[in-house]
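Per this note's numbering, residue 540 is the first one in the sequence shown, and the count goes up by one each step.
Working notes for the structure below.
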Amino acid sequence: MRREMGVGSLKISLMITLYNWKEALDLVLLSAIRQSRLPDEILIADDGSDDDTRALIDSFRSRTTVPINHVWHEDIGFRKSTIQNLALVTTECDYIVQIDGDIVMHPHFIADHARFAKEGCYLQGYRCKLDKETTDRMLETKEIKFRPSLKGMFSSQRTFRSVLLNYLTLKEKLSMKRIIGCNTSFWRSDALLVNGYDEDMVGWGAQDQEFSARLIHNGIKQRRLRFSAREYHLDHPNVKRDPVEGRWDAFGNTLEKRLKRCANGIEKF
């Protein structure tokens, strides 16, 4: 029988994927060190940020007892899959909670992921997109304050949190519904099983969906966090996205052939 692990029994690495924007990262790290259940490691997968970002990360080492592991490679284009694999190689934690560098976490975010972690499953959460006014205020004041209301229970913003409701609505499915890489968690052993992220998928688009597809093809089910693990996405202009057809083709190939592993992944490290 597969076990639910509970809040305190896991060694959790919080993996933050990022590229520059240190002002946002400041808020992200503040929300990380204020968690009710601290991660056992903050693992920063840095796709080539500048020295100012490195200095900010270094400044947080004296502000928390949580080890901060900053994994960086040179900026030669969007290589998110490669830096994620490099980061995953360095950690000794059992369980990975993954967000992006523009995500501010609810104080019980890590605790919720720990609570619902289960062998043979990965978790998929939602995000609340903040407007520009709220984002600008937070970046200026460094204050992280939210007032979720019952309206958020049914809105697309997903601000309402209830552990009880999450248990009552919890299902396990071989499903790829609404995959987002900025609020997900998985066992490190499962990531190794599927050979990590596909490094042939260079540029923006489809990496997280393709990774999840290989998990599912290995029988690893999705548990959806409908009312837990709340997070807030800072507003920013849409980045210029290069054409993604090739990466969506790779994703389609994984689905069509029901691939369980990628060819160019983590094992080479």
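Backbone N, C-alpha and C define an ideal beta-carbon position, used for all residues, glycine too.
Computed from a predicted model, the values in this text were never measured in an experiment.
Can you check which of these residues, L773, I755 and Y558, is closest to G809 by C-alpha distance? Limits of the chain in this structure are 540 at one end and 808 at the other, which puts residue 809 out of reach.
Rounded to the nearest angstrom, how far is the Cβ of G664 from that of A768, given a contact under 8 Å? 4 Å
Say whether the stretch 722 to 729 touches the stretch 629 to 649, bearing in mind that this needs 3 or more beta-carbon pairs closer than 8 Å, one atom from each stretch. yes
Taking 9 Å as the CB-CB limit, is N792 close to chain C? Here there is only one protein chain, and chain C is not present.
Identify every run of the alpha helix (DSSP H) within the stretch 698 to 740, keeping only runs that are complete inside it and at least 4 residues long; order them along the chain. 702 to 708 and 727 to 732
Hey, quick one: how far does the alpha helix (DSSP H) through D591 stretch, first residue to last? D590 to F599
Do the stretch 604 to 623 and the stretch 646 to 658 meet, that is, are 3 or more Cβ pairs less than 8 Å apart? With a cut-off of 8 Å, the stretch 646 to 658 and the stretch 604 to 623 do not count as touching, because too few Cβ pairs lie within range.
Pull up the DSSP beta-bridge partners for H609, would you. Note: H609 sits in a beta bridge opposite I583.
Could you tell me whether the Cβ atoms of H612 and R593 are closer together than 9 Å? no
Cβ neighbour criterion (16 or more within 10 Å) applied to L713: exposed
Is the beta carbon of L627 less than 9 Å from the beta carbon of M554? yes
Could you give the residue range of the beta strand (DSSP E) that holds S552? Residues I551 to L557.
Check whether the stretch 742 to 756 touches the stretch 698 to 707, counting contact only when three or more Cβ pairs, one atom from each stretch, lie closer than 8 Å. no
Measure the alpha-carbon distance for R780 versus G616 and round it to whole angstroms. Low local confidence applies: a pLDDT of 47 at R780 is under 50, so the model's placement there is unreliable, with the coordinate-based value given in what follows. Using only the alpha carbons, I get a separation of about 12 Å.
Give me whichever residues DSSP pairs with Q663 in a beta bridge. T723 and R763
Does DSSP classify D639 as helix, strand or coil? strand
So, for L549: in the same chain, excluding its five sequence neighbours on each side, which residues have a beta-carbon less than 7 Å away from its beta-carbon? D633, Y634, A653 and A656
Let me check understanding here. Comparing Cα to Cα, which of K681, A730, S751 and N705 lies closest to I718? S751
Distance between L662 and L577 (C-alpha atoms, nearest Å): 18 Å
With distances taken Cα to Cα, identify the nearest neighbour of F766 among L704, L568 and I583. L704
Could you check where the beta strand (DSSP E) with K770 kicks off and where it finishes? In the sequence as presented, Lys is not what sits at residue 770; that position holds Glu. Its beta strand (DSSP E) spans residues E770 to H772.
Can you give me the C-alpha to C-alpha distance between Y815 and G587, rounded to a whole angstrom? Absent from the model: residue 815. The displayed extent of the chain is 540 to 808, so no value can be given.
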